[in-house]
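Counting in numbering that gives the first Met the number 0, the sequence shown runs from 0 upward without gaps.
One structure is given here, and the rest of the page talks about it.
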Amino acid sequence: MPGLAVLGLSLVALLGLGRGALLCLSQQFRMEGDYILGGLFPLGLAEETDLNHRTRPDSITCSRYGVGRQGRGDEGAGCPWACAAKPGVRQQPPVALCVFRFSTMGLFLVMALKMAVEEINNSSTLLPGLQLGYDLFDTCSEPVVTMKPSLMFLAKAGSRSIAAYCNYTQYQPRVLAVIGPHSSELALITGKFFGFFLMPQVSYGASMDRLSNRETFPSFFRTVTSNRVQLEAMVTLLQHFGWNWVAALEPVNWAGAQPVSWRAAPPDLCHLRSRVQCGSGPPPHPALQHLQLPHTGACEALAALSPPHPMPQLLDKMYNMSFHIRGLELRFSDSGNVDMEYDLKMWVWQSPMPKLRTVGTYNGSLQLQPTLMHWHAPNNQVPVSQCSQECREGQVRRVKGFHSCCYDCVDCKAGSYRQNPDDLTCTLCDQDQWSPERSMRCFPRRPRFLEWGDPAVLLLLLLLALVLGLVLAALGLFIRHRDSPLVQASGGPLACFGLACLGLVCLSVLLFPGWPGPASCLAQQPVAHLPLTGCLSTLFLQAAETFVESELPPTWVAWVRGHLRAPWAWLLVLLLILMEAALCGWSLAAFPSKVEMDWRVLPREVLVHCHMHSWVGLGLVHITNATLAFLCFLGTFLVQSQPGHYNRARALTFTMLAYFVTWVSFVPLFTNMQVLYQPAVQMGAILLCALGILAIFHLPKCYLLLWWPELNTPEFFLGQGPNDTTDGGGSGGRDRTQGDHE
């Protein structure tokens with residue numbers, strides 16, 4: 000196999016077996032010089048990976064394959080790797096046969112550094128008068144193994160020990176800089192070691208983006224780009240072709256496999272210019288040709304250094320160092336990275352053996368050459384690789400199964416929207432915003448309340464004008480005929496007071512439309528029900544008088560009726576109004592109506608309304624009026640009126656029935672009505688209640704005043720005969736035969 004051939008020839012060149020030399024392998028990986036470079040390379044594998052089995056901090060054994068000889072006394076004498084006897088092989092002292100296993104790629108990396116140092120030392124212009132040396136160690140791809148040589152690199156120059164000092168400014172370690180390690184896992188450990196001493200460390204394989212943090216790794220450099228760049232390149236490529244369903248292979252290094260294509264990265268401090276010579280092996284790899292050594296930068300800076308503190312001067316030069324490779328000028332950035340151009344390779348299956356073809360580059364932006372691309376599809380068309388189509392506006396992705404790039408499109412419901420094209424869930428709008436279904440944004444909510452221009456309010460205002468006009472007309476008619484028997488039978492001045500209160504009841508509905516305020520919310524119920532109490536109290540007095548005249552003995556009628564008229568009647572009306580005022584005050588204190596902004600009722604607006612916190616508060620303002628209405632109904636329901644006289648009892652009975660029908664119907668209608676129109680329901684109930692009282696009790700009397708004036712007599716309304724001198728009429732009229740007046 001080609002890989003094994005290269006490995007064998009490399010071992011022959013390193014071990015010198017062709018010349019029969021008995022050399023320790025470590026002698027080939029250590030060379031003295033004025034300045035020493037430390038190296039960490041993956042040459043072997045750790046046999047013991049389970050650290051729980053270790054009982055003491057001894058060395059970790061690395062297994063390697065290969066053939067070598069080691070004489071007695073050489074084993075372990077200054078060698079980083081001790082030969083391990085192969086089981087089952089007969090050993091003949093003083094020479095032991097050792098078997099090793101090497102990583103092909105690791106061996107190539109060691110050879111590159113070795114030849115780079117030799118090229119520098121053999122040059123008369125790079126470092127004249129100075130010799131570079133190296134001290135290379137095997138990491139075994141194991142962090143525990145890597146820590147030991149790292150500590151050795153930090154040991155004081157000329158020794159293998161490291162001591163703790165308060166200040167390391169005058170401290171000079173054994174090595175000038177460290178090349179390696181190859182993996183990010185190991186670089187995370189060694190980078191913190193070397194960063195404390197500000198020792199330059201150049202990795203040829205660690206690509207983790209975290210290593211670019213200069214606060215944690217101030218002296219870490221690398222000649223490979225960060226994983227972030229590779230990730231950006233792949234994402235850019237996927238976006239270019241519109242793919243979201245791809246399979247990715249992780250890079251795997253097979254032992255003995257020869258890479259088909261390898262783009263060289265700058266694996267050393269100064270670079271190769273000569274060809275690789277491997278004895279009688281295969282020709283050098285193309286990647287190792289045409290490498291130009293820099294004529295300015297770190298190499299010249301290293302030649303100008305003088306002991307005893309060359310290392311921190313060197314670190315400063317590396318931050319500003321530039322070098323050339325393959326005609327490209329590369330420079331270490333502030334984060335210790337180099338900006339390199341990536342080649343985009345494509346497998347082309349035109350024969351049994353596939354070939355890699357360069358079809359583009361990436362250097363922060365993607366440059367493709369479509370004519371060089373060969374797709375295994377009809378007419379060489381770019382394949383479509385999407386497990387799901389793009390979602391439409393207002394739709395989000397619902398992932399199917401475990402694959403985040405396969406999804407169903409789900410509509411965003413009202414009140415939510417799609418914020419970003421890749422969202423998996425809809426974003427809820429803020430409380431003061433709204434959105435329709437499948438929306439891409441939210442809209443501000445408009446305040447909504449019972450406006451004056453609302454059709455329902457306009458109809459109620461027309462009803463208000465009608466009722467209020469009738470009330471004012473009736474009041475004017477009663478004032479004009481205040482001395483007539485009809486008005487006197489209705490209570491006289493109390494009747495006018497009741498009509499005035501009824502007008503105030505109608506005007507109270509003007510507090511319900513418009514923008515709700517704290518004052519209007521608190522005043523709505525008291526302003527409506529206090530004047531209603533005044534109106535019902537006058538009707539209660541007439542109902543009581545009718546009951547007395549009908550049900551009490553004649554000797555009591557005059558005394559009781561005298562106390563039901565002025566001034567006692569006014570005092571009773573005042574007491575009832577004060578009682579209602581007290582109940583309204585209790586309701587406002589315990590269950591106040593407040594302005595509330597409801598965001599849930601309406602989908603696009605915010606509802607601003609007066610919120611009634613409890614039905615108990617509404618019951619308190621109704622209890623007085625309901626009691627008066629019930630007593631009026633009870634006192635007049637069974638009263639028998641005189642034939643041929645005005646039936647005041649029936650008028651009061653039907654008036655109270657109208658009151659109860661109105662407010663009993665109000666409760667279910669109010670609870671089932673949309674909150675926006677609940678104030679309109681209260682307006683309608685108040686106006687219908689006032690209209691019922693006016694239409695049943697007062698308007699028939701107005702009709703008699705205008706069109707039947709001949710009935711406006713004491714006999715018809717007060718039950719008095721022509722010779723009856725009883726004030727206001729008495730019970731004696733009930734025994735008299737009446738005429739045919741109806």
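Beta carbons are placed, not taken as given, at the ideal position from N, Cα and C, and that holds for glycine.
These numbers come from a predicted model, not from an experiment.
Within the same chain, Cβ atoms closer than 8 Å to the Cβ of Thr-424 are found at Val-395, the five residues on either side in sequence being excluded. Distance from the Cα of Leu-498 is smallest, within the candidate group Ala-488, Phe-511, Cys-520, Ala-472, for Ala-472.
With a cutoff of 7 Å on beta-carbon distance, Val-470 and Leu-693 are scored as near each other. Using a 10 angstroms sphere on the CB of Pro-602, the tally of other CB atoms stays under 16, which defines it as exposed. Under the 8 Å Cβ criterion, the segment 485-499 does not count as touching the segment 507-526, having fewer than three qualifying pairs. With respect to the C-alpha of Met-596, the residue from Asp-453, Thr-670, Leu-587, Met-611 having the closest C-alpha is Met-611. Counting C-beta atoms within 10 angstroms of its own C-beta, Asn-624 has 16 or more neighbours from the protein chains shown and is therefore classed as buried. 7 Å or more divides the Cβ of Val-177 from the Cβ of Ile-59. Assignment of Thr-426 by DSSP, reduced to helix, strand and coil, places it in the strand class. If you check the CB distance, Ala-543 and Leu-563 come in under 7 Å. The beta carbons of Gly-157 and His-181 sit no closer together than 7 Å.
Here Asn-671 is exposed. Its C-beta has fewer than 16 other C-beta atoms within 10 Å. Counting C-beta atoms within 10 angstroms of its own C-beta, Met-352 has fewer than 16 neighbours from the protein chains shown and is therefore classed as exposed. If you ignore the 5 residues before and after Leu-535, its C-beta comes within less than 7 Å of the C-beta of Asn-624, Leu-627, Ala-628, all in its own chain and listed in chain order. Per DSSP, the beta-bridge partners of Ser-415 are Leu-427. Under the three-state reduction of DSSP output, Gly-37 falls in the strand class.
Burial state of Trp-244 is exposed, judged by a 10 Å Cβ sphere holding fewer than 16 other Cβ atoms. Straight through space, the alpha carbons of Asn-646 and Leu-521 are spaced by roughly 40 Å. Linking Gln-366 to Thr-235 through their CA atoms gives a straight-line distance of about 11 Å. Remark: C-beta atoms of Phe-546 and Gly-634 approach each other more closely than 7 Å. 7 Å or more divides the Cβ of Pro-199 from the Cβ of Ser-211. Nearest neighbour of Ala-154 by Cα position, chosen from Gln-171, Met-578, Met-146, Cys-165, turns out to be Gln-171.
Contact between Trp-433 and Arg-417 does not hold, since their C-beta atoms are separated by about 15 Å, which reaches or exceeds 8 Å. Counting along the chain, Thr-537 sits inside the alpha helix (DSSP H) bounded by residues 517-550. If you check the CB distance, Tyr-361 and Ala-247 do not come in under 7 Å. Secondary structure note for Ala-650: its alpha helix (DSSP H) is the uninterrupted segment 647-671.
A contact is defined here as three or more CB-CB pairs under 8 Å, and the segment 583-592 fails this definition with respect to the segment 649-663. A distance below 7 Å separates the beta carbons of Phe-240 and Val-381.
Taking the C-beta atoms as reference points, Tyr-318 is found no nearer than 7 Å to Leu-175.
Counted as a single uninterrupted DSSP element, the stretch harbouring Arg-53 is not any beta strand (DSSP E), since DSSP gives it neither H nor E. In the structure shown, Glu-328 falls within a strand segment according to DSSP collapsed to helix, strand and coil. Residue ranges of uninterrupted beta strand (DSSP E) with 3 or more members, entirely inside the segment 179-217 and ordered along the chain, are 200-202.
With a 10 Å radius around the Cβ and a threshold of 16 neighbouring Cβ atoms, Ala-679 comes out buried.
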